[in-house]
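Enquirer: Here my numbering is used: the first residue of the sequence shown is 16, the next is one more, and so on.
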Amino acid sequence: MMKIKTLASILIFSVFLAACGQAKATETDIASGVFTAVAQTLTAQYTPVTPSATPALATVTPTETVSNQTSTVFVTPTPMQVTSSANSCLGSLFVSDVTIPDNTPVVVGTSFTKTWSLKNSGTCPWTSSFKLKFVSGTQMNGNTTAVGSAVAAGNNVNVSVTMTAPSTAGTYTGWWRLINDKNEFFGTYIYVTIVATSSPTGTVTPTTMYSATPTITPIYIVVTATPAPTGTPTSTSEPGSTGG
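1) Return the chain-ordered list of same chain residues with a C-beta closer than 6 angstroms to the C-beta of residue 210, the five sequence neighbours on each side being excluded.
2) Using the rule of at least 16 other Cβ atoms within 10 Å of the residue's Cβ for burial, across every protein chain shown, is residue 197 buried or exposed?
3) Out of 201, 207, 142, 163, which has the shortest C-alpha to C-alpha gap to residue 128?
4) Are the CB atoms of residue 140 and residue 161 nearer to each other than 8 angstroms?
5) DSSP three-state label for residue 263, please.
6) Please work out which residues of its chain come closer than 6 angstroms, Cβ to Cβ, to residue 177, disregarding the five sequence neighbours upstream and downstream, and give them in chain order.
7) Tell me the DSSP secondary structure of residue 156 in three-state form.
8) Does the ligand SAM have even one heavy atom less than 7 angstroms from the beta-carbon of residue 105?
9) By Cβ distance below 7 angstroms, which residues in the same chain neighbour residue 104 in space, the five residues on each side in sequence not counted?
10) Less than 8 angstroms between the beta carbons of residue 125 and residue 175, yes or no?
11) Compute the Euclidean distance between the alpha carbons of residue 194 and residue 116, then round it to the nearest angstrom.
12) Just to check my reading of the structure: residue 134 and residue 113 have Cβ atoms closer than 8 angstroms, yes? What is that Cβ distance to the nearest angstrom?
13) Which residue's Cα is closest to the Cα of residue 158: 108, 189, 203?
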């Protein structure tokens, strides 16, 4: 009977120890679970901040400002190819525009005289019968004009042609060339270019400007002082009188 009680007591005590051990394990598991939950919560609440990429700078393309003003474009004529049918000893070169330089404005219908300076670049002289003749472009009523005098090799001469500006405004060019006494072309091509306008170009007359500050001319007055006589006057007695 005592063995049975003892065995029962041992069994009950063992169960109690097992129950206590299980309770302790459960508390440990609960604490561990709590810590794990807290860690997971913190992890869920923490959102790592990823640095944003540096924004690319916008490229500014400069815009071109277009002016409303209209500009006159002057076109320089292309030189014509020089071919000569005359004696190879004849030659000419352009020296300068004496009058009516390129793109000179001329009122429509107005006459003008174009003068070129030319050089005899050949080895033969020019005679007075050599002429300047229209070749192509706008003739502007210009006629074939004689050189007018003999020109030795290496010398210069001025040749003039009277023309008239066309009746319509615009830019006009006429090409000219020398011919010999046999009507054969030789030497360089020369040209005249004008801008026919509907109204004359205004001329600015300078105006004399007067200063707002008047100019004061000093006037000097010279005063000459006559000094008073000094000394004691001397008494003069009448003849026959006596002193008192």
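Every residue gets a Cβ at the ideal spot worked out from N, C-alpha and C, and that includes glycine.
Expert: Short version:
1) These residues qualify, in order along the chain: 118, 120, 186.
2) exposed
3) Comparing Cα positions, the closest option is 207.
4) no
5) In the structure as shown, the chain starts at 16 and stops at 259, and residue 263 therefore has no counterpart that could be examined.
6) 128
7) coil
8) The ligand SAM is absent from the structure shown, which contains no ligand whatsoever.
9) 137, 138, 139
10) Cβ distance not < 8 angstroms, so residue 125 and residue 175 don't count as in contact.
11) Between residue 194 and residue 116, the C-alpha separation is close to 23 angstroms.
12) That belief does not hold up - the Cβ atoms of residue 134 and residue 113 are roughly 13 angstroms apart, past 8 angstroms.
13) The shortest Cα separation from residue 158 among 108, 189, 203 belongs to 189.
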